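K.L.:
Please read through the structure below; I'll follow up with questions.
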DNA sequence: CTTGATATCCAAAACGTTTTGGATATAGCT
DNA sequence: AGCTATATCCAAAACGTTTTGGATATCAAG
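Residue numbers (the working numbering), protein chains in the order written: chain A, 33 to 368; chain B, 33 to 368.
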């Protein structure tokens, strides 16, 4: 039923070869013929069937992205934004996006292997990198192109775009200190993640520069969700004396912290300062608006995709690693 | 370099046919042979190349989903959750998910046509349906399977899972009225969307049942974002007398409304009641927690995908339309 | 009138599967 | 022995492209 290149060729009394080459823009087909082919193709609604083209070319023009789901929920706006960036750039370059959702762990690995072995994608976009990341080792070994959002120590030279979380948090600490805070708490993320280490390092660095000893009680680990931030903050607020400022490793965490503080009757921004990292849209509209370290996630998504396509297509002049400086955005959750 | 079925066959001195049939589970291959094939395939890391299989079978085992992006942002957690549901179910059924992001309009149409004409997907999942929806007409005409989240009047018998927005909002209005509210405002969404009409109808119905005339000034239209809700609410709060309750057509809108009210120094839940629709995670952690009409988006995603696969695979016994009753969740944004 | 050069076209192979329609061997039955 | 049924295997075709390596016609130059 669907129209094939053969149908077009038959209708024009041309060979399949000529039709194919006309549409592909080769210059060994007469200009008048090309026009006839193009209009006929449009009229008949012909487009090459991808499976056939892929089989012949041995390329899929598809990039893969495996999303982590935590439990049944997948609510971090970070990912939506990132995917929008990757997707927009992909379609601009005539690539498609194959998205596969998987809980981290065994099934995540299955997903990568399946996509690789059955050659469904030309390359991967990776996110939420871990310090020790099997994905990098695996993809390098299989010689599948990839670009990651975030650095991993498994191979520092693996192509990626990173954000200087250390500098970002460090600046945030400076900001908090300048407001007179000295008991500053930090709620981190699972230590396997690179972002955890980077941001925690920024915290330590900022505290050191200010000449404040970090109180181990004020450092805890959560799970990047706002529910986690809420629970962790409740414990932090129980300490005596309680922290005067709390940094969440990401905005979601910080939003949970705000809720916990408000439940205690604290006025956020006056009685306690709270800040996050990411710059999600929601934070801007929160009550009070959230001070945060902003990273341009959508734009990074685009650039990651851009790099990946360049690698897939064998372009040479690509810069293999980029470090982006995030930007401190001060709102009312830290200053009244 | 990658291992093909031919490699496996050669190593075992079998024909390609037998290897294929052994792996596919046909019973005309000896059990011992099958075991040899299976272990060899595993050892060699063989998996059928999808392009080839697709070409032969004329099926892609891929389902398509075209995401709307508004501007550069794509922040509605609704979509993340929906996609997680669709994706989980898809992978359970050995389907992949081809996601394409497109601003609504011309480029959206291009996206559908491209995926259809180049036969990249076996079917589509549709969301955010419009009362008059060309997608339905188009896909019916092209005979491409699809299932939508939400009803459209373009073809009421098109397979879909809907949520009874009318009943949901109506119950919400009853709740607000029972608290003594009579000046209840409603912030809707673009009227082309089915959800706008359904929910607005629920609003009118609820008001009618309560014997309250709707004041046209208290009905306005926004864009489903929290920024839109914020701006719209500022105008509503200027009326004299101002509304004592505001319903947002979705949670994001309602969150914007809350911020606007708080900026005026109103205590949400006491001075004014505010509620939304969706039941996004964020609403639970908002300050104050948001009263909402909950719809199980993740679960609906799964079921939509489930239906779609059934249709693609020609199963007969599928129920073509389902209407789900949403659930009113009362939190402190309406009662102190 | 040859001889190249150039412009335009095309047949056939190849990509890696699945499926069709047997082929062969063995065993059981009369 | 001859026949049928069953178990096991396989060659070849087909899916729809792209690419390779010419083939043919036309034209200008000698």
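For glycine and all other residues, C-beta sits at the position ideal for the given N, C-alpha and C. On a predicted model such as this, the values are computed, not experimentally measured, just so you know.
Which residues, in order along the segment 72 to 87 of chain B, keep a beta-carbon less than 9 Å from a beta-carbon of chain A?
P.N.:
Taking 9 Å as the Cβ-Cβ cut-off against chain A, the residues of the segment 72 to 87 of chain B that qualify are 77, 78, 79, 80, 81, 82, 83, 84, 85, 86 and 87.
K.L.:
Output needed for residue 250(A): all residues of its chain with C-beta closer than 8 Å, excluding positions within five of it in sequence on either side, in chain order.
P.N.:
What you label residue 250(A) is simply residue 218 of the first chain in a count that begins at 1. Correct list, in chain order: 215, 216, 217, 218, 268, 271 and 275.
K.L.:
Report the neighbours of residue 119(B) on chain A: residues whose CB is nearer than 9 Å to its CB, in chain order.
P.N.:
Numbered from its first residue, the second chain carries residue 119(B) at position 87. Here the neighbours are 99, 101, 106, 131, 132, 133 and 134.
K.L.:
Within its chain, find whatever has a CB closer than 6 Å to the CB of residue 113(B); leave out the 5 residues flanking it on each side and keep chain order.
P.N.:
Within the second chain, numbered from 1, the residue matching residue 113(B) stands at position 81. Here the set comprises 329 and 330.
K.L.:
How is the alpha helix (DSSP H) around residue 228(A) delimited, first residue to last?
P.N.:
Looking up residue 228(A) in the first chain gives position 196. Its alpha helix (DSSP H) spans residues 226 to 241.
K.L.:
In whole angstroms, give me the CA-to-CA distance for residue 336(B) and residue 137(B).
P.N.:
Here the question's residue 336(B) lines up with position 304 in the second chain. Here the question's residue 137(B) lines up with position 105 in the second chain. Spanning the two alpha carbons is a distance of roughly 24 Å.
K.L.:
What's the C-alpha gap between residue 157(A) and residue 308(A)?
P.N.:
Here residue 157(A) corresponds to residue number 125 of the first chain, with the count starting at 1. Here residue 308(A) corresponds to residue number 276 of the first chain, with the count starting at 1. Those two C-alpha atoms are separated by around 25 Å.
K.L.:
For residue 129(A), which option in 59(B), 364(B), 310(B) and 147(B) has the closest C-alpha, if you only look at C-alpha atoms?
P.N.:
Along the first chain, read from residue 1 onward, the residue named residue 129(A) stands at position 97. When each option's Cα is compared against that of residue 129(A), the closest is 147(B).
K.L.:
Could you name the residues of the segment 280 to 292 of chain A whose beta carbon sits closer than 8 Å to any beta carbon of chain B, in the order they occur along the chain?
P.N.:
Correct list: 287, 288, 290 and 291.
K.L.:
Can you confirm whether residue 112(A), when its beta carbon is compared against all beta carbons of chain B, has any partner nearer than 8 Å?
P.N.:
Taking the first chain and counting its residues from 1, the one referred to as residue 112(A) is at position 80. Answer yes: the Cβ-Cβ gap between residue 112(A) and chain B drops below 8 Å somewhere.
K.L.:
Between 41(A), 62(A) and 45(A), which has its C-alpha nearest residue 52(A)'s C-alpha?
P.N.:
As a working note, residue 52(A) is residue 20 in the first chain. Residue 41(A) is the option with its Cα nearest to residue 52(A).
K.L.:
Touching or not, the segment 61 to 74 of chain A and the segment 83 to 101 of chain A, by the rule of three or more beta carbon pairs under 8 Å?
P.N.:
They do not touch, by the three-pair rule.
K.L.:
Which ranges does the beta strand (DSSP E) cover as unbroken runs of at least 3 residues, wholly within the segment 84 to 147 of chain B, from first to last along the chain?
P.N.:
For the segment 84 to 147 of chain B, whole beta strand (DSSP E) runs of length 3 or above, ordered along the chain, are 94 to 100 and 128 to 134.
K.L.:
Report the residue from 284(A), 295(A) and 340(A) whose alpha carbon sits nearest the alpha carbon of residue 313(A).
P.N.:
Taking the first chain and counting its residues from 1, the one referred to as residue 313(A) is at position 281. Per the Cα distances, 284(A).
K.L.:
Can you pull the chain B residues whose beta carbon is under 7 Å from the beta carbon of residue 262(A), in chain order?
P.N.:
Taking the first residue of the first chain as position 1, residue 262(A) is located at position 230. Within 7 Å Cβ-Cβ: 317.
K.L.:
List the residues of chain B that residue 146(A) touches, going by C-beta distances under 8 Å, in chain order.
P.N.:
Taking the first residue of the first chain as position 1, residue 146(A) is located at position 114. Result: 79.
K.L.:
Contact between the segment 356 to 365 of chain A and the segment 337 to 348 of chain A: three or more CB pairs below 8 Å?
P.N.:
With the cut-off at 8 Å, the segment 356 to 365 of chain A and the segment 337 to 348 of chain A do not touch.
K.L.:
When you compare the CB of residue 128(B) with every CB in chain A, is at least one pair closer than 8 Å?
P.N.:
Residue 128(B) sits at position 96 when you count from the first residue of the second chain. With 8 Å as the cut-off, residue 128(B) counts as an interface residue toward chain A.
K.L.:
Among residues of its own chain, excluding the 5 on either side of residue 244(A), which ones have a beta-carbon nearer than 8 Å to its beta-carbon?
P.N.:
Along the first chain, one-based indexing puts residue 244(A) at 212. Closer than 8 Å at the Cβ level, and outside the excluded window around residue 244(A), lie 209, 214 and 216.
K.L.:
Report yes if the CB atom of residue 201(A) is closer than 8 Å to the CB atom of residue 234(A), and no otherwise.
P.N.:
Counting from one through the first chain, the residue named residue 201(A) turns up at place 169. Counting from one through the first chain, the residue named residue 234(A) turns up at place 202. Contact: yes.
K.L.:
Any beta-carbon of chain A closer than 8 Å to the one on residue 151(B)?
P.N.:
Within the second chain, the letter at position 119 stands for residue 151(B). Chain A contact via Cβ: present.
K.L.:
Under a Cβ-count criterion, where at least 16 other Cβ atoms within 10 Å of its own Cβ denotes burial, should residue 352(A) be classed as buried or exposed?
P.N.:
For the purposes of this step, residue 352(A) is taken as the residue at position 320 of the first chain. Exposed: under 16 other Cβ atoms inside 10 Å.
K.L.:
With residue 193(A) as the anchor, note down where its beta strand (DSSP E) starts and where it stops.
P.N.:
Translated into positions along the first chain, residue 193(A) becomes position 161. Looking at the DSSP string, the run of the beta strand (DSSP E) that includes residue 193(A) is 192 to 195.
K.L.:
Show which residues of chain A have a CB atom less than 9 Å away from the CB atom of residue 365(B).
P.N.:
Along the second chain, read from residue 1 onward, the residue named residue 365(B) stands at position 333. None at all; the shortest Cβ gap to chain A is about 11 Å.
K.L.:
What does residue 258(B) reach in chain A if we use C-beta pairs closer than 8 Å?
P.N.:
By one-based count along the second chain, residue 258(B) stands at place 226. Here the neighbours are 313, 314 and 317.
K.L.:
How would you call residue 334(A), buried or exposed, if buried means at least 16 neighbouring beta carbons within 10 angstroms?
P.N.:
Taking the first chain and counting its residues from 1, one reaches residue 334(A) at position 302. So residue 334(A) counts as buried.
K.L.:
Straight-line CA distance for residue 227(A) to residue 196(A)?
P.N.:
By one-based count along the first chain, residue 227(A) stands at place 195. By one-based count along the first chain, residue 196(A) stands at place 164. Taking the straight line from one Cα to the other gives about 9 Å.
K.L.:
What residues in its chain sit with their C-beta under 6 Å from that of residue 293(B), if we drop five residues either side in the sequence?
P.N.:
Counting from one through the second chain, the residue named residue 293(B) turns up at place 261. Contacts found: 300 and 304.
K.L.:
Which of helix, strand or coil does DSSP assign to residue 361(B)?
P.N.:
Taking the first residue of the second chain as 1, we reach residue 361(B) at position 329. Here residue 361(B) sits in strand by DSSP.
K.L.:
Spatial neighbours of residue 320(A) within its chain, please: CB distance less than 6 Å, with the 5 preceding and 5 following residues excluded, ordered by chain position.
P.N.:
Indexing the first chain from 1 puts residue 320(A) at position 288. The answer, listed in chain order, is 300, 301, 364 and 365.
K.L.:
So which residues of chain A does residue 92(B) contact, with C-beta pairs closer than 9 Å?
P.N.:
As a position in the second chain, residue 92(B) is number 60, starting the count at 1. Within 9 Å Cβ-Cβ: 82 and 83.
K.L.:
With 16 as the cutoff for other CB atoms within 10 Å, does residue 184(B) come out buried or exposed?
P.N.:
What you label residue 184(B) is simply residue 152 of the second chain in a count that begins at 1. The residue is buried, with at least 16 neighbouring Cβ atoms inside 10 Å.
K.L.:
Take residue 340(A) as the anchor and find which of 297(A), 355(A), 190(A) and 247(A) has the nearest alpha-carbon.
P.N.:
As a first step, residue 340(A) is located in the first chain; it is residue number 308 there, counting from the start. The candidate whose alpha carbon is nearest that of residue 340(A) is 190(A).
K.L.:
Can you tell me whether residue 318(A) is buried or exposed? The criterion is at least 16 other CB atoms within 10 Å of its CB, across all chains shown.
P.N.:
Taking the first residue of the first chain as position 1, residue 318(A) is located at position 286. It is buried - the Cβ of residue 318(A) has at least 16 other Cβ atoms within 10 Å.
K.L.:
On a CA-only basis, which of 281(B), 306(B), 342(B) and 338(B) is nearest residue 327(B)? Give me that one, please.
P.N.:
Looking up residue 327(B) in the second chain gives position 295. The candidate whose alpha carbon is nearest that of residue 327(B) is 281(B).
K.L.:
Is the beta carbon of residue 258(A) sitting closer than 8 Å to the one on residue 287(A)?
P.N.:
Indexing the first chain from 1 puts residue 258(A) at position 226. Indexing the first chain from 1 puts residue 287(A) at position 255. Yes; because the gap between Cβ atoms is below 8 Å, this pair is in contact.
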